[in-house]
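J.:
Protein chains: 2
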Amino acid sequence: MSLRHAILTLLATEPGSGYDIVQHFKQSLGYFWNAKHQQVYQELRRLSEDGWLACQLDAQSDKPDRKVYSLTRAGLAELQRWQAEPAAPNKINDALLVKLYGGALAEPDNLVGELERHRLTHADTLTRLQAIEQQYRALSAAEQAQQRLPYLTLRRGILGEQAWLAWADEVLAELKGA
Amino acid sequence: MSLRHAILTLLATEPGSGYDIVQHFKQSLGYFWNAKHQQVYQELRRLSEDGWLACQLDAQSDKPDRKVYSLTRAGLAELQRWQAEPAAPNKINDALLVKLYGGALAEPDNLVGELERHRLTHADTLTRLQAIEQQYRALSAAEQAQQRLPYLTLRRGILGEQAWLAWADEVLAELKGA
DNA sequence: TACCTCAATGCAATTAATTGCATAGTTAGG
DNA sequence: CCTAACTATGCAATTAATTGCATTGAGGTA
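Chains as they are written, first to last, in my numbering: chain A, 225 to 402; chain D, 225 to 402.
1. Between VAL292 (chain D) and GLN280 (chain D), which are expected to be in contact by the criterion C-beta below 8 Å, what is the C-beta distance as a whole number of angstroms?
2. Once the 5 residues before and after TRP257 (chain D) are set aside, which same chain residues still bring their CB inside 7 Å of it?
3. Does HIS342 (chain D) come within less than 8 Å of chain A when only Cβ atoms are used?
4. Could you check whether the region 383–395 of chain D touches the region 362–382 of chain A, counting it as contact only if at least three pairs of C-beta atoms, one from each stretch, sit closer than 8 Å?
5. Look up LYS291 (chain D) in the DSSP assignment and give the residues it is bridged to.
6. Going residue by residue through the region 322–398 of chain D, where are the continuous alpha helix (DSSP H) segments of at least 4 residues, counting only ones entirely within it?
7. Less than 8 Å between CB atoms is the rule here; does ASP318 (chain A) satisfy it with respect to chain D?
8. Starting from THR345 (chain A), find everything on chain D with Cβ-Cβ shorter than 8 Å and list it in chain order.
9. When you compare only the Cα positions, how much space is there between ARG297 (chain D) and GLN266 (chain D)?
10. Could you check how far apart the C-beta atoms of LEU277 (chain A) and LEU295 (chain A) are, in whole angstroms? I think they sit under 8 Å.
11. Assign LEU412 (chain D) to buried or exposed, taking buried as 16 or more other Cβ atoms, counted over all protein chains shown, within 10 Å of its Cβ.
12. Would the region 307–314 of chain D and the region 329–344 of chain D be scored as touching if the rule is three or more Cβ pairs under 8 Å?
13. Work out the CA separation of SER241 (chain D) and PRO288 (chain D) for me, nearest whole Å.
14. Taking only beta-carbon positions, decide if TRP276 (chain A) is within less than 8 Å of chain D.
15. Just confirm the distance between the C-beta atoms of LEU389 (chain A) and ARG343 (chain A), as a whole number of angstroms; I'd bet it's less than 8 Å.
16. Going by the DSSP bridge assignment, what does GLY240 (chain A) pair with across the sheet?
17. Can you tell me the Cα-Cα spacing of GLN368 (chain A) and TYR360 (chain A), whole angstroms?
18. Applying a beta-carbon distance threshold of less than 8 Å, which residues of chain A neighbour VAL322 (chain D)?
19. Measure the beta-carbon distance from THR349 (chain D) to GLU398 (chain D) and round it to whole angstroms, keeping in mind my assumption that it falls under 8 Å.
20. Start and end of the alpha helix (DSSP H) containing GLN251 (chain A)?
21. Using a beta-carbon distance below 8 Å, is TYR360 (chain A) in contact with chain D?
22. When you compare the CB positions of GLU302 (chain D) and ALA311 (chain A), do they come within less than 8 Å of one another, or not?
23. Can you tell me where the alpha helix (DSSP H) holding GLU309 (chain D) begins and where it ends?
24. Using beta-carbon positions only, say whether THR233 (chain A) and GLY299 (chain D) come within less than 8 Å of one another.
25. Where does ALA301 (chain D) sit, in a helix, a strand or coil, going by DSSP?
26. Would you give the residue range spanned by the alpha helix (DSSP H) that SER272 (chain D) belongs to?
27. I need the DSSP call for LYS315 (chain D), collapsed to helix, strand or coil.
28. Could you tell me the distance, in whole angstroms, from the CA atom of LEU353 (chain D) to the CA atom of PRO239 (chain A)?
29. Assuming TYR255 (chain A) and ILE316 (chain D) form a contact by the criterion Cβ under 8 Å, report the distance between their Cβ atoms to the nearest whole angstrom.
30. Between VAL395 (chain A) and chain D, is any beta-carbon pair separated by less than 8 Å?
31. Could you tell me which of A:GLN247, A:HIS346, A:LEU253, A:LYS323 sits nearest to ALA387 (chain A), measuring between CA atoms?
32. Closer than 8 Å, CB to CB, is PRO374 (chain A) near chain D or not?
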């Protein structure tokens with residue numbers, strides 16, 4: 225499991241709440257990490273119990289109170305230990321491809337509709353990621369240097385989505401042509 | 225969960241054993257679906273209990289006996305029901321990108337090594353998928369028509385791996401250049 | 001001879017992740 | 001005015017997935 229380490233990574237650059245982390249996942253980082261709020265909050269509790277995070281209550285008058293977490297020294301050490309060990313190859317379970325694979329048994333129109341539907345959300349994601357890229361390009365050289373690694377992960381998102389769209393167009397042309 | 229439906233999809237074209245299914249995942253289909261043997265065997269049992277699969281014992285003298293599963297009428301109906309319902313967008317949790325994102329805290333050499341290591345296995349996968357593509361292209365038009373949908377999923381694997389490699393080269397050039 | 005891989009299946013324990021439900025005040029829209 | 005979405009957190013139950021261990025008999029390698 226590396227949700228723990230995804231959380232540590234996010235909190236290493238800047239302390240934040242569970243809600244903040246979930247927002248990160250929903251927005252920019254969704255391309256490479258996802259988790260529901262229930263899982264995040266539970267993991268934050270465990271990370272605190274393990275002594276890797278410190279928690280400070282931030283009382284707000286108008287909105288619900290926030291619990292702001294930050295890395296402890298032990299948390300930072302654990303993060304670096306994890307970074308040094310090799311990562312397992314990524315596991316992919318893609319239900320859409322299963323459907324396409326066995327699509328001979330289904331309504332052809334349904335496959336096309338499904339692909340077009342997914343195509344829309346991928347195109348949307350791409351647009352969103354490219355907007356973030358524009359923001360990055362507008363930064364000063366110094367700021368860019370600081371954000372270099374997150375930017376490189378963003379590139380993965382962009383190249384990945386572009387490849388997905390190219391593939392989808394290939395498939396849709398095939399399905400509609402024949 | 226769609227492991228159930230991935231299994232149904234595989235067994236719909238051709239009956240097979242748990243071992244067969246796992247081999248499929250390890251070989252060609254690994255690009256879009258993965259599961260360990262323990263999970264597959266357990267799921268096969270459940271699918272039988274639900275009446276979606278029928279099981280026939282195939283006794284072998286030299287090798288261990290095989291349990292060959294095939295879809296029942298109810299199993300086929302369930303598969304088609306599932307195919308008709310919309311698929312949720314695919315969930316991606318990529319630990320390597322988490323590492324890169326927070327890589328400022330790590331040894332830079334480690335990141336490069338890690339990326340190169342992963343690059344090798346991705347290049348390997350691409351070669352393997354392209355070999356399968358060549359086999360497909362060597363088929364007769366009629367056979368190609370029959371394998372059209374699985375082939376389109378293979379294309380996803382190929383385009384996906386190519387995009388991954390292009391990205392990795394971009395990143396490695398960046399990391400080594402600066 | 002001793003060990004390793006392949007074929008083939010499975011149990012048991014644990015951990016990871018999802019689903020459903022719950023609370024409570026604020027702000028925006030119809 | 002009512003409803004919905006946003007901010008913010010959490011518990012409890014269930015399901016999905018991993019990890020570790022185990023069996024049997026063949027064939028290959030050091």
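Built from N, CA and C at the ideal position, the CB exists for glycine as well.
T.: Put simply:
1. Within the second sequence, the letter at position 68 stands for residue 292 (chain D). Within the second sequence, the letter at position 56 stands for residue 280 (chain D). Yes, VAL292 (chain D) and GLN280 (chain D) are in contact; Cβ-Cβ is about 5 Å, under 8 Å.
2. Stepping through the second sequence from its first residue, residue 257 (chain D) is reached at position 33. Closer than 7 Å at Cβ, skipping near neighbours: ALA230, PHE249.
3. Here residue 342 (chain D) corresponds to residue number 118 of the second sequence, with the count starting at 1. Yes - at least one Cβ of chain A is within 8 Å of the one on HIS342 (chain D).
4. yes
5. Within the second sequence, numbered from 1, the residue matching residue 291 (chain D) stands at position 67. The partner list for LYS291 (chain D) (beta bridge, DSSP) reads D:LEU281.
6. 332–361, 365–370
7. Numbered from 1 along the first sequence, position 94 holds the residue referred to as residue 318 (chain A). At least one chain D Cβ lies under 8 Å of ASP318 (chain A).
8. On the first sequence, residue 345 (chain A) is found 121 positions in, with the first residue counted as 1. Residues of chain D passing the Cβ test: PRO313.
9. For this step, residue 297 (chain D) is matched to residue 73 along the second sequence. For this step, residue 266 (chain D) is matched to residue 42 along the second sequence. About 21 Å.
10. Here residue 277 (chain A) is taken as the residue at index 53 of the first sequence, counted from 1. Here residue 295 (chain A) is taken as the residue at index 71 of the first sequence, counted from 1. That pair is a contact at about 6 Å.
11. The first residue shown for chain D is 225 and the last is 402, placing residue 412 (chain D) beyond what the model contains.
12. no
13. On the second sequence, residue 288 (chain D) is found 64 positions in, with the first residue counted as 1. On the second sequence, residue 241 (chain D) is found 17 positions in, with the first residue counted as 1. Looking at the two C-alpha atoms, the distance is approximately 12 Å.
14. On the first sequence, position 52 is the one that residue 276 (chain A) refers to. It does not; no Cβ of chain D falls within 8 Å.
15. Counting from one through the first sequence, the residue named residue 389 (chain A) turns up at place 165. Counting from one through the first sequence, the residue named residue 343 (chain A) turns up at place 119. Their Cβ separation, rounded to whole angstroms, is 7 Å, which keeps LEU389 (chain A) and ARG343 (chain A) in contact under 8 Å.
16. Residue numbering aside, residue 240 (chain A) sits at position 16 when the first sequence is read from its first letter. Its beta-bridge partners are A:TYR293.
17. Reading the first sequence from its first residue, position 144 is the one you call residue 368 (chain A). Reading the first sequence from its first residue, position 136 is the one you call residue 360 (chain A). Each residue's Cα considered, the two are about 7 Å apart.
18. Looking up residue 322 (chain D) in the second sequence gives position 98. What VAL322 (chain D) touches in chain A: SER226, HIS229, ALA230, THR233, PHE256, TRP257.
19. One-based indexing of the second sequence puts residue 349 (chain D) at position 125. One-based indexing of the second sequence puts residue 398 (chain D) at position 174. The pair is not a contact, with the Cβ atoms about 23 Å apart (cut-off 8 Å).
20. Start at 1 with the first residue of the first sequence, and residue 251 (chain A) comes out as number 27. Here GLN251 (chain A) belongs to no alpha helix (DSSP H), and DSSP marks it neither H nor E.
21. To locate residue 360 (chain A), count along the first sequence from 1; it is residue 136. Chain D, which has no Cβ nearer than 8 Å to the Cβ of TYR360 (chain A), makes this no.
22. Numbered from 1 along the second sequence, position 78 holds the residue referred to as residue 302 (chain D). Numbered from 1 along the first sequence, position 87 holds the residue referred to as residue 311 (chain A). No, they are not a contact pair.
23. On the second sequence, residue 309 (chain D) is found 85 positions in, with the first residue counted as 1. Element bounds for GLU309 (chain D): n/a, residue is neither H nor E.
24. As a first step, residue 233 (chain A) must be located in the first sequence, where it is residue number 9. As a first step, residue 299 (chain D) must be located in the second sequence, where it is residue number 75. Not closer than 8 Å, so no.
25. Along the second sequence, read from residue 1 onward, the residue named residue 301 (chain D) stands at position 77. ALA301 (chain D) falls in the helix class under three-state DSSP.
26. Here the question's residue 272 (chain D) lines up with position 48 in the second sequence. Its alpha helix (DSSP H) spans residues 261–273.
27. Counting from one through the second sequence, the residue named residue 315 (chain D) turns up at place 91. Coil, per DSSP.
28. Taking the first residue of the second sequence as position 1, residue 353 (chain D) is located at position 129. Taking the first residue of the first sequence as position 1, residue 239 (chain A) is located at position 15. Going from the Cα of LEU353 (chain D) to the Cα of PRO239 (chain A) covers about 43 Å.
29. Here residue 255 (chain A) refers to the residue found at position 31 when the first sequence is read from its first residue. Here residue 316 (chain D) refers to the residue found at position 92 when the second sequence is read from its first residue. With a Cβ gap of about 7 Å, TYR255 (chain A) and ILE316 (chain D) count as contacting.
30. Within the first sequence, residue 395 (chain A) is the residue found at index 171, counting from 1. True, the Cβ-Cβ gap to chain D drops below 8 Å.
31. Taking the first residue of the first sequence as 1, we reach residue 387 (chain A) at position 163. When each option's Cα is compared against that of ALA387 (chain A), the closest is A:HIS346.
32. On the first sequence, position 150 is the one that residue 374 (chain A) refers to. Yes, because at least one Cβ of chain D sits closer than 8 Å to the Cβ of PRO374 (chain A).
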